[in-house]
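Structure first, commentary second.
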Amino acid sequence: MYPEEPLDLSPSEGGGYFSAKMGQKLNGGKFQIVRKLGYGSRSSTWLVRGKDNYFAIKIYTIAASEHAKTVEVPSSRGGPVPVYHTDFWEGTRAGSHLCLVLDPMSTTVQALMHEADHERLPVHAIQRIVATVAEALDSLHKVGIMHGAVKPENVYFWRLAYGTEDIKSVLDSEPRPTIRKNKIYLVVIISLMGVIGTIRRKRLRIGAFISVVSDMCRNHEPSGHNG
C-alpha cells in the first residue's frame, strides 16, 4: 500500500495497524474495502462501499483501540454536517480494531494551499475557514472533546450534496492502481484543487470533527502598494 507504513510491526513494537486487502468485507459483510485513503500515527482510513453509499472507515491501531475503549464516541447524526455514522470493532489475530464509519471528505486546506499562488490563500478564504472551524471546535468543547491535532492537513472540505456516481467517477481515474517510484497518491473525492474562488461560490462546510490550524495565516502576506 504505502511503502513507509509499518504494517509488519507488532503492536508491542509500535505497529498494530489493520492490514486490509482490496475487496475485504468488514462488519459482517456490511462494508467492502475499495480503496486506501491514507494513514496516520494511530489509524488508517479506507474508502468502503456499503449497501447504497460509499463511506470512509477510520480503523485504529490495536493500541489506539485499547485506549478508545475508555472513551465514549459521540454521534453527530442530526447535526449540520453528518460526518459520523456509527462504529464497530473488527477482530484480527493480533487483536481488535475500533472502526469509525464516516462520510468521505474532499480535499484538505493544506492541499488547497499548495495549489494556490505562492501557497497562500486569500483573506476571505482564511476568514471563512477559521470562522467555520471555530464553530466546530466550540461544538466539540460543549460535549467535552478536545482536538489535539489542529493543522491544515487535518482540515477537510465537505460538499453538501454528492452521490455515488461522483465517487465512482473518481475511483475510475484516481488514484493509480499501483505506487510507482515510492510516490503516494491520495484520493480526492470532490476536487477543489486550484479553484480558490469556489470557497465563495459553492456551499461548502468543514466536518464537525475536523479543525483548522492558525499557522496558515502566517503564510499569508497582505498585499499593498509601495512608495
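Going by the UniProt record's numbering, 173 is the number at position 173 of the sequence shown; the sequence numbering is gapless.
Just so you know, even glycine gets a beta-carbon here, dropped at the ideal spot from N, CA and C.
Contact check, residue i vs residue j, beta carbons under 8 Å
i	j	result
I62	L26	no
T156	M105	The amino acid at residue 156 is misidentified as Thr; the sequence shows Tyr. Result yes, Cβ atoms of Y156 and M105 sit closer than 8 Å.
H124	L137	no
W46	D103	no
M113	L121	yes
S44	A64	no
Assigned exposure category for residue i - 16 Cβ within 10 Å defines buried
i	result
E119	exposed
I145	exposed
T92	exposed
S169	exposed
A131	exposed
V195	Unreliable placement is indicated for V195, whose pLDDT of 28 sits below 50; no coordinate value is reported for it.
E90	buried
T108	buried
K36	buried
V143	exposed
A20	buried
Candidates the options, of which the one nearest residue i by Cα
i	options	result
H68	Y54, S44, H97, R93	Note that residue 68 corresponds to Ala in the displayed sequence, not to His. Minimum Cα distance to A68 is reached at H97.
G16	V34, I59, F31	I59
P151	I129, H141, K168, T45	Reading off the sequence, residue 151 comes out as Lys, not Pro. The candidate whose alpha carbon is nearest that of K151 is I129.
A149	T86, S41, K21, A116	S41
G28	M22, T132, G50, K168	G50
E165	D52, M22, Q32	D52
V48	Q24, Y39, E66, S65	Q24
E153	D87, V34, A20, Q110	Q110
L171	V34, A116, K30	V34
F18	F88, G95, F31	G95
C-beta neighbour in chain C for residue i, strict 8 Å
i	result
Q32	The structure shown contains no chain C, having only a single protein chain.
Which residues DSSP lists as bridging residue i, in chain order
i	result
L100	K58, D87
residue 231	There is no way to answer for residue 231, as the model of the chain reaches only from 1 to 227.
Check: residue i C-beta below 7 Å from any heavy atom of the ligand NAD
i	result
N53	Only the bare structure without any ligand can be found here, which leaves the ligand NAD out of the picture.
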